[in-house]
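Chains as they are written, first to last, in our numbering: chain R, 166 to 522; chain P, 166 to 522.
Here's what the structure looks like:
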């Protein structure tokens, strides 16, 4: 069976290969936008004016994974909203706002680790809730969310477009395991799925957010005119698919299995991302910025990061034991021929703030 | 170290010893009150009148464990509230209510199993949220809950009273592992802790519930004049403590370790329970019923049930491997000298409905 409409969380637990120990790349991007998010809230958030009687402020992280980045991101928002509320109500002795934070991810996300590793209740300024469910659909009641955020999530599609498994289709993706932009019809199929998914994502959030509510999104896109196979994540994914073919030769897996494996991942072009956002008329774009990712990378670092992100989906398709063998092979290949980050085309980090009208 | 202010969830996962496969006793009691809860909601729930613009109805199960009883109990409430809302709004085309259900338990509860085993979102009429935190304290915002329920939970104290570990205290509990009412000072220490905990429990719920909101509680208490050592749960617990002493002889554990082990569990007398409820002036008692538990019991059944409930706390104190050995011993002892349920004094199931003024 092809790997399609299933759900694959980041690697749970807290060992060396877990997502919680391999998410500093994502954290670096979150840190980068922290001050801007804070300034935006302080200057422009108008929910508190629209709802002068507001007692509980609800923040949701859509696709939070098992931490710890999510705790950091929500605390930054709470600090800013608190300050804003305090400034506004200096003189009239209003009760302090109470905060609740909803941590959303797929039902098979490792919520146990999330709950065990969150700041203890004595140090937390918010009530903590876990919300299991796909964000490609409603996960919370209408008009219940004041600020939503999502970091590095919507590149995960709800499913792999089916044509890419079909040998008779011009969109057949051969033994590639990602949309690397080498086959035009594959790119087209992924783009169609991405556009559908973003439409559903934004429609669901539009229902969940209160008027004046903010949706803050952080992620990765590709500059117009750049191809995935020219960027380091695209190059690394193609190396992983080469290594799968290598270990197939020694019988650990088969070429047929590799042909039935494609990642439900699509990094949109900048123009595609903007198009997908603009089609939803319930939101106005308050801020849109792009930047290069500021972090210094090494081949070892990106290998560990991709292992934490991909091990669940790889294990699920190929079975136990393949992950170790595969990433040993990837490490060997990279130690002989490391990726030269200087020579790769840049992808972009985007930071967008949308306001619910 | 004595086992005191820690938290010990029911046995997680879904194997033969898990709580989800050993909670039919609790389910039988929940079933017993289903129709009465339903009738009460249909006839007397007035939240919908107090909040005519209500869009989202929030139900919380405090101390839900890992399922499946909780899903059954909340569905019953949702069905009744829906019917009531429909009857009330037959003619004026009001939008249907949306429901959110918060599943609360300690942060080390097995939420992963809870989320994986809940009804799939396509069949669920509510948004599902997990709330990790001790119910002896606030876990949700002020005025945010319409109906709270709690089943077989408040006998779990926030901690064991410390005197029961102190050899010099008249409240020393020797090698007993429960409050079996054989030592008056031990009973007194447990009663003080129960009264404190119930006060905190009810104060927290009073803050979380909206005016007119209901708190439905189901649990077990002891008729005035009956002692725990005369009831089958008390007898079984004393057998478990005897068996701990037996396996200590073979070196699996030590008498010193047993002396440092006491369960944070207290089943109040009926009058103590009523006293604890009545001291909170924010609630009115709308219904209070007691009954005998209707289920036919066998020695095997109660052994499996107690194993599911106690294995985490036993393992935590005595270490790996003791649970198997201990319950083998309990089974042997019971097969030679089974508990005769006919001869035990009855304990009571209570069902109380409180309304937030």
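Glycine included, every Cβ here is placed at the ideal spot set by N, Cα and C.
Please look up how many angstroms separate the CB atoms of residue 324 (chain P) and residue 433 (chain P), rounded, as I've assumed it's under 8 Å.
About 16 Å separates the two Cβ atoms, so there is no contact after all.
Going by DSSP, what residue range makes up the beta strand (DSSP E) through residue 376 (chain P)?
374–386
Given that residue 345 (chain P) touches chain R, what residues does it touch there, using C-beta distances under 7 Å?
Those do not exist, as residue 345 (chain P) stays about 33 Å from chain R at its closest Cβ, beyond 7 Å.
Name the DSSP bridge partner or partners of residue 293 (chain R)?
R:266
Hey, is residue 359 (chain R)'s beta-carbon within less than 8 Å of any beta-carbon in chain P?
It does not: the Cβ of residue 359 (chain R) has no partner Cβ on chain P nearer than 8 Å.
Looking at the unbroken beta strand (DSSP E) that takes in residue 226 (chain P), where does it start and where does it end?
221–227
In terms of alpha-carbon separation, which member of P:493, P:476, P:254, P:491 lies closest to residue 183 (chain P)?
Nearest option by C-alpha distance: P:476.
For a cutoff of 8 Å on Cβ pairs, would you count residue 295 (chain P) as touching chain R?
At least one CB atom of chain R sits nearer than 8 Å to the CB of residue 295 (chain P).
Residues of chain B with a CB under 9 Å from the CB of residue 261 (chain R): which are they?
The chain labelled as chain B is not found among the protein chains of the depicted structure, namely R and P.
Over the uninterrupted alpha helix (DSSP H) stretch that includes residue 202 (chain R), give me the two end residues.
189–209
How would you list, in chain order, the residues of chain P whose beta-carbon sits under 9 Å from the beta-carbon of residue 267 (chain R)?
294
With three or more C-beta pairs closer than 8 Å as the rule, is the stretch 265–276 of chain P touching the stretch 292–309 of chain P?
Segments in contact, yes.
Label residue 513 (chain P) either buried or exposed according to how many other C-beta atoms from any shown protein chain fall within 10 Å of its C-beta, with 16 as the threshold for buried.
A residue is called buried when at least 16 other Cβ atoms come within 10 angstroms of its Cβ; residue 513 (chain P) meets this threshold and is buried.
For residue 520 (chain P), which residues does DSSP report across the bridge?
P:379, P:449
Are the C-beta atoms of residue 180 (chain P) and some chain R residue less than 8 Å apart?
Taking 8 Å as the CB threshold, residue 180 (chain P) stays off the interface with chain R.
Residues of chain P with CB under 8 Å from residue 304 (chain R), in chain order?
292
Near residue 391 (chain P), what residues of its chain come up, given a Cβ to Cβ distance below 6 Å and the 5 sequence neighbours on each side ignored?
510
Going by CA-CA distance only, name the one from R:340, R:230, R:235 that's closest to residue 274 (chain R).
R:230
By how many angstroms is the C-alpha of residue 218 (chain R) removed from the C-alpha of residue 243 (chain P)?
28 Å
Classify residue 454 (chain P) as helix, strand or coil using the three-state DSSP reduction.
strand
Which residues of chain R have a Cβ atom closer than 7 Å to the Cβ of residue 277 (chain P), listed in chain order?
275, 276, 277
Could you check whether the stretch 192–199 of chain P touches the stretch 232–242 of chain P, counting it as contact only if at least three pairs of C-beta atoms, one from each stretch, sit closer than 8 Å?
yes
Span of the alpha helix (DSSP H) holding residue 232 (chain R)?
Taken as a continuous stretch (DSSP letters only), residue 232 (chain R) belongs to no alpha helix (DSSP H), as it is neither H nor E.
Is there contact between the stretch 365–372 of chain P and the stretch 338–348 of chain P, where contact requires at least three CB pairs shorter than 8 Å?
no
Hey, does residue 376 (chain R) have any beta-carbon neighbour from chain P nearer than 8 Å?
no
With 16 other CB atoms within 10 Å as the buried threshold, where does residue 191 (chain P) fall?
buried
Pull up the distance between the alpha-carbon of residue 262 (chain R) and that of residue 207 (chain R), whole angstroms please.
If I take the Cα positions, the gap works out to 16 Å.
Give a yes or no on whether the minimum CB-CB distance between residue 521 (chain P) and chain R is below 8 Å.
no
For residue 280 (chain R), return the contacting residues in chain P, with the cut-off set at a CB-CB distance below 7 Å.
In chain order: 272, 276, 297.
Count the other C-beta atoms from every protein chain shown that fall within 10 angstroms of the C-beta of residue 284 (chain R), then say buried if there are 16 or more, exposed otherwise.
exposed
Any beta carbon of chain P sitting closer than 8 Å to that of residue 307 (chain R)?
yes
Just to confirm, are residue 499 (chain P) and residue 455 (chain P) a CB contact at a threshold of 8 Å?
No; because the gap between Cβ atoms is not below 8 Å, this pair is not in contact.
Quick one: which chain P residues come within Cβ less than 9 Å of residue 220 (chain R)?
The answer, in chain order, is 306, 307, 308, 309.
Label residue 176 (chain P) either buried or exposed according to how many other C-beta atoms from any shown protein chain fall within 10 Å of its C-beta, with 16 as the threshold for buried.
buried
Please report the Cβ distance between residue 311 (chain R) and residue 212 (chain R), rounded to the nearest whole angstrom; I am assuming they are in contact, meaning their Cβ atoms lie under 8 Å.
5 Å
Answer with buried or exposed for residue 419 (chain R), where buried requires no fewer than 16 other C-beta atoms within 10 angstroms of its C-beta.
exposed
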